[in-house]
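As structure tokens, the structure follows; a few thoughts come after it.
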Amino acid sequence: MSSAASASDSTAASSGGPVERAIRAKLTDLLKPSQLDITNDSWQHRHHAAMRAEGGGNGETHFTINVVSEEFQGKNTMQRHRMIYSALSEELSAGLHALSLKTKTPVEIQANKQS
């Protein structure tokens with residue numbers, strides 16, 4: 313699932329599973345993003361040994377997250393990722409296995425568009 317943070321987010325969020333909804337709620341609260349795209353990639357990893365041992369997991373173990381937020385201003389990539397991992401510590405300890413993160417500020421997005 314993928315959607316930009318907006319007024320239509322409540323509709324988009326309701327179609328994700330409980331882990332995806334928790335990720336969206338926590339990152340929206342923490343980062344107040346201008347864009348938040350979350351994609352559940354778990355189906356691509358269900359054949360891995362760890363996922364097979366868990367019976368394929370709960371279907372919400374691997375996510376790609378693209379987020380644009382002013383809160384990242386002045387922070388390097390490692391600091392940005394730590395913010396997200398810290399916010400999602402409960403989900404990570406309960407079975408969320410992997411995150412692929414792309415973290416940008418609005419200024420960085422604008423600079424990429426101009427280059």
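Position one of the sequence shown corresponds to residue 313 (the numbering used here), numbered consecutively onward.
Glycine included, each C-beta is placed from N, C-alpha and C at the ideal position.
Check your understanding: Taking all protein chains shown into account, do 16 or more other C-beta atoms lie within 10 angstroms of the C-beta of R336, making it buried, or fewer, making it exposed?
Key -> With a threshold of 16 other beta carbon atoms within 10 Å, R336 meets it and is buried.
A334, enclosing alpha helix (DSSP H) - first and last residue
Here the alpha helix (DSSP H) through A334 covers P330 to L343.
* Output the distance between the C-alpha atoms of Q422 and N388, rounded to the nearest integer angstrom. => Going from the Cα of Q422 to the Cα of N388 covers about 18 Å.
Exercise for review: Assuming I350 contacts E332 (C-beta within less than 8 Å), just tell me the rounded distance between them.
Suggested key: Sure, about 6 Å apart at Cβ, within 8 Å.
**Request:** Tell me whether H409 sits in a helix, a strand or coil according to DSSP, three-state version.
**Result:** Correct three-state label for H409: coil.
Practice problem: State the Cα-Cα distance for the pair F384 and M395, rounded to the nearest angstrom. | Solution: Using only the alpha carbons, I get a separation of about 9 Å.
Practice problem: Taking T376 as part of the beta strand (DSSP E), name the residues at either end of that continuous run. | Solution: Residues H374 to V380.
What residues in its chain sit with their C-beta under 6 Å from that of K425, if we drop five residues either side in the sequence?
Within the same chain, no Cβ atom closer than 6 Å to the Cβ of K425 is found once the five residues on either side in sequence are excluded.
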